[in-house]
Amino acid sequence: MNIKTYLIITAACLPLALRAQTIDFETTDGYTAIGVYDTWEASPFRTGKLEGNAAVIPNPFREASPQATAPANPTTKVLAVQRSRFGSNTFGARIDLTHPFELTPEVQYVHVYLHKPVEGRVMLIGLGKRADRPGQAPYAEQFWQFSATPITPGEWCDAVFPVKGAGGILINSLVLVPHCESPHNLREDFAAYIDEITVNNTPTPRIRQNSGTTQDSNLPTSDDKHCYINNANRNGEILAADGTSLNNYQASAGQPFTVLIRPANGFTCTGILLRRTDLPASAPGSEAIHFPASLFTGDTFTIPAQYLTGTIELEGIFTELKQ
Numbered sequence: 001m002n003i004k005t006y007l008i009i010t011a012a013c014l015p016l017a018l019r020a021q022t023i024d025f026e027t028t029d030g031y032t033a034i035g036v037y038d039t040w041e042a043s044p045f046r047t048g049k050l051e052g053n054a055a056v057i058p059n060p061f062r063e064a065s066p067q068a069t070a071p072a073n074p075t076t077k078v079l080a081v082q083r084s085r086f087g088s089n090t091f092g093a094r095i096d097l098t099h100p101f102e103l104t105p106e107v108q109y110v111h112v113y114l115h116k117p118v119e120g121r122v123m124l125i126g127l128g129k130r131a132d133r134p135g136q137a138p139y140a141e142q143f144w145q146f147s148a149t150p151i152t153p154g155e156w157c158d159a160v161f162p163v164k165g166a167g168g169i170l171i172n173s174l175v176l177v178p179h180c181e182s183p184h185n186l187r188e189d190f191a192a193y194i195d196e197i198t199v200n201n202t203p204t205p206r207i208r209q210n211s212g213t214t215q216d217s218n219l220p221t222s223d224d225k226h227c228y229i230n231n232a233n234r235n236g237e238i239l240a241a242d243g244t245s246l247n248n249y250q251a252s253a254g255q256p257f258t259v260l261i262r263p264a265n266g267f268t269c270t271g272i273l274l275r276r277t278d279l280p281a282s283a284p285g286s287e288a289i290h291f292p293a294s295l296f297t298g299d300t301f302t303i304p305a306q307y308l309t310g311t312i313e314l315e316g317i318f319t320e321l322k323q
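Using UniProt numbering, the letters of the sequence shown map in sequence onto residues 1 to 323.
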């Protein structure tokens, strides 16, 4: 099964913000450089004490295992990155783009084929520059987004990242964080493999895990009965009350929903932001709702029923504790 995505629409006919593009690693046409990146400023990979391992290599997983629930990825080359225990939870592979794209008020979707051996959340970070900030560096961090699709260890999966901004933000590089979890829990480094990065306007994942076929329908969308919840956090997590990860979590629409607040070591949660991610940024109801920590009950918070609709994203405001 050929899972490459080819574009029929000529990019020159589209405005920059809407240009779909695919970056594979068969050639260097889609990227100008690859490497590693860590958002932690004191990271040894930023201070120069360590060099990360990221390289284009022959695809070691061109055929699916007999136990796989998804198709193989038959491409010849992929990007491999070593997930180091010495990097932070946001350490990953950096790809500098030949053709930058603009963050817009309308949601766009970045799809990334990923193969990794362990459980853990996956994050995408966008590096770029705001047009209204002339002094800003061209590789400032502009967004951090968890995958809206689940990742099955040991198989090729399509991680889908919904991204949007106020406009006038040019994304020059993408950083794929294959394991956005505390490195203290890692017993050893591992390799993750990246391929077929596509920026487009559809949330449809290109691989369906349970049947081994290409997905025919969109990700779950809002209806009268269900609300879908995602967790978009660094330095902590917002979880379901039973500890389940909020990764396209299906909850009952119009019913109160209790979350568990779990800051990382050295951080505290001072509030939660709730956003509707299925609405355009300018639409009524798309504004972020702030729930301060004064509404929390210990390490839990119950979201009022009227906010459980559509697709929502919960972002904990995790603040570093003073020493």
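All residues carry an ideal CB built from backbone N, CA and C; glycine is no exception.
Predicted model only: the values in this text are computed from it and were never measured.
Please return the same chain residues whose Cβ sits closer than 6 Å to the Cβ of residue i, not counting the five positions on each side in sequence.
i: residue 324; result: No answer is possible for residue 324: it lies beyond the span of the chain, which begins at 1 and ends at 323.
i: residue 61; result: 115
i: residue 56; result: 25, 77, 79
i: residue 232; result: 146, 313, 315
i: residue 54; result: 34, 35, 36, 81, 93
Please list the terminal residues of the continuous beta strand (DSSP E) segment that includes residue i.
i: residue 268; result: 267-276
i: residue 146; result: 140-146
i: residue 161; result: 157-163
i: residue 45; result: Premise fails: residue 45 lies in the alpha helix (DSSP H), 44-47, not in any beta strand (DSSP E).
i: residue 225; result: Where residue 225 is concerned, there is no enclosing beta strand (DSSP E), given that its DSSP letter is neither H nor E.
i: residue 96; result: 91-103
i: residue 303; result: 300-303
i: residue 115; result: 108-115
i: residue 255; result: Premise fails: residue 255 is in no beta strand (DSSP E) and is neither H nor E.
i: residue 325; result: The chain is shown from 1 up to 323; residue 325 falls before or after that span and cannot be answered.
i: residue 126; result: 123-130
i: residue 22; result: 21-23
Considering only the alpha carbon of each residue, which of the options lies closest to residue i?
i: residue 304; options: 105, 322, 258; result: 258
i: residue 277; options: 113, 71, 294, 164; result: 164
i: residue 341; options: 85, 159, 140; result: Any question about residue 341 goes unanswered here, given that the chain covers just 1 to 323.
i: residue 112; options: 298, 78, 119, 274; result: 78
i: residue 147; options: 160, 155, 140; result: 160
i: residue 49; options: 87, 22, 28, 185; result: 87
i: residue 287; options: 53, 110, 166, 22; result: 166
i: residue 309; options: 173, 256, 297; result: 256
i: residue 134; options: 121, 169, 149, 107; result: 169
i: residue 23; options: 194, 149, 189, 106; result: 194
i: residue 122; options: 189, 152, 202; result: 152
i: residue 105; options: 297, 279, 225; result: 279
i: residue 251; options: 228, 206, 273, 155; result: 228
i: residue 162; options: 199, 274, 156; result: 199
Have a look at the DSSP bridge pairing and note the partners of residue i.
i: residue 286; result: In DSSP, residue 286 forms no bridge with anything.
i: residue 58; result: 77
i: residue 32; result: Answer by DSSP bridge pairing: none, since residue 32 is not bridged.
i: residue 238; result: 261
i: residue 82; result: 191
i: residue 292; result: 271
i: residue 231; result: 314
i: residue 207; result: None; residue 207 has no bridge partner.
i: residue 320; result: 267
i: residue 199; result: 21, 110
i: residue 249; result: 229
i: residue 37; result: 92
Roughly how many angstroms separate the alpha carbons of residue i and residue j, rounded to a whole number?
i: residue 42; j: residue 253; result: 43 Å
i: residue 99; j: residue 183; result: 32 Å
i: residue 136; j: residue 64; result: 44 Å
i: residue 175; j: residue 285; result: 30 Å
i: residue 117; j: residue 158; result: 15 Å
i: residue 83; j: residue 92; result: 7 Å
i: residue 314; j: residue 295; result: 15 Å
i: residue 301; j: residue 185; result: 27 Å
i: residue 71; j: residue 320; result: 43 Å
i: residue 307; j: residue 73; result: 40 Å
i: residue 179; j: residue 271; result: 25 Å
i: residue 142; j: residue 126; result: 5 Å
i: residue 102; j: residue 52; result: 28 Å
i: residue 139; j: residue 173; result: 7 Å
i: residue 322; j: residue 234; result: 18 Å
i: residue 119; j: residue 264; result: 18 Å
i: residue 108; j: residue 266; result: 34 Å
i: residue 212; j: residue 292; result: Because the pLDDT at residue 212 is just 40, under 50, the model does not fix this residue reliably, and the point stays unresolved.
i: residue 220; j: residue 226; result: Note that residue 220 scores 44 on pLDDT, short of 50, meaning its location in the model is unreliable; the coordinates nonetheless yield the value given after this. Taking the straight line from one Cα to the other gives about 9 Å.
Leaving out five residues on either side along the sequence, give the residues of the same chain with a beta carbon under 8 Å from the beta carbon of residue i.
i: residue 262; result: 236, 237, 238, 239, 299
i: residue 230; result: 146, 148, 246, 247, 248, 249, 277, 311, 312, 313, 314
i: residue 218; result: Note on residue 218: pLDDT 40, under 50, position unreliable in the model; the coordinate value appears next. Hits under 8 Å: 202, 203, 204.
Would you say residue i faces chain B, with C-beta separation under 9 Å as the test?
i: residue 111; result: No chain B appears in the structure shown, which is made up of a single protein chain.
Identify, in the order they occur along the chain, each residue of the same chain with its Cβ nearer than 7 Å to the Cβ of residue i, setting aside the five sequence neighbours on each side.
i: residue 38; result: 45, 46, 87, 88, 90, 91
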